[in-house]
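Peer 1: Sharing a structure here in structure tokens format.
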Amino acid sequence: MSDFTPNFDVRRPMDAVRVLCGLFYIPHVIGKITGYAGTVAFFAKAGFHPPAFFVLLAMVMEAVCAIGLILGVGTKYLGVVSAGLLAVAAYAIVATRGLGWFWAGGGIEYLAFWGFMSLAVAADAWQREPGLFGLFARPAHA
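Set out below in structure tokens:
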């Protein structure tokens with residue numbers, strides 16, 4: 260099965276994790292759109308300049324991750340991209356609020372968990388189909 264073929268198998272728990280990792284992005288993209296001014300101010304406070312550019316970049320990257328992870332398209336790459344986005348988000352939280360762990364207290368617990376799950380999704384996809392863009396993959400009998 261190609262990494263670029265949409266797929267979902269209810270017998271594979273990692274497919275459910277992949278879809279959830281993608282679905283979690285939807286409220287974040289919507290929140291950046293509906294709370295644009297506040298998001299730009301937060302990005303500026305976190306040190307991302309020009310903040311409007313980085314908000315737009317974050318929205319696009321989050322939307323791409325959401326669509327790809329939900330549909331199972333480019334999963335082995337988007338899982339890594341997702342983890343990177345979440346690492347940057349964790350940095351922004353630490354830069355603006357200081358280091359805290361518990362999400363309820365403004366910490367990075369949720370971001371760390373979501374990032375590790377994104378890496379697990381990517382690792383699962385790489386294990387199922389190793390190789391760059393499906394090239395150089397091991398033969399099925401190897």
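Count the sequence shown with the numbering used here and you get residues 260 to 401, in order. C-beta: ideal position from N, C-alpha, C; glycine also. Please read all numbers here as calculations on a predicted model, not as lab measurements.
1) Write down the C-beta distance between L370 and L345 rounded to the nearest angstrom, noting that I regard them as a contact closer than 8 Å.
2) Can you have a look at D262 and say buried or exposed, based on whether 16 or more other CB atoms are within 10 angstroms of its CB?
3) Along the chain, which unbroken stretches of the beta strand (DSSP E) at least 3 residues long are found entirely within the segment 263-318?
4) Suppose the cutoff is 7 Å on Cβ atoms and the five residues either side in sequence are ignored; what does the same chain contact list for A311 look like?
5) What three-state label does DSSP hand W385 in the structure shown?
6) Is L328 buried or exposed, if buried means 16 or more other CB atoms sit within 10 Å of its CB?
7) State the Cα-Cα distance for the pair F404 and A379, rounded to the nearest angstrom.
8) Here's a check: name, in chain order, each residue in its chain whose Cβ is nearer than 6 Å to the Cβ of I352, leaving out the five neighbours to either side.
Peer 2: The structure says:
1) Working through the sequence shown from its first residue, we reach residue 370 at position 111. Working through the sequence shown from its first residue, we reach residue 345 at position 86. So it is a contact: roughly 5 Å between Cβ atoms.
2) Numbered from 1 along the sequence shown, position 3 holds the residue referred to as residue 262. Residue placement at D262 is flagged as unreliable, the pLDDT there being 46, under the threshold of 50; a coordinate-derived value is accordingly withheld.
3) none
4) Residue mapping note: residue 311 aligns to position 52 of the sequence shown, counting from 1. Closer than 7 Å at Cβ, skipping near neighbours: V299.
5) Here residue 385 refers to the residue found at position 126 when the sequence shown is read from its first residue. Helix at W385.
6) Indexing the sequence shown from 1 puts residue 328 at position 69. Per the 10 Å Cβ criterion, buried.
7) Residue coverage of the chain in this structure runs from 260 to 401, which leaves residue 404 outside it and unanswerable.
8) The sequence position of residue 352 within the sequence shown is 93, counting from 1. Cβ neighbours of I352 beyond the five flanking positions: I367.
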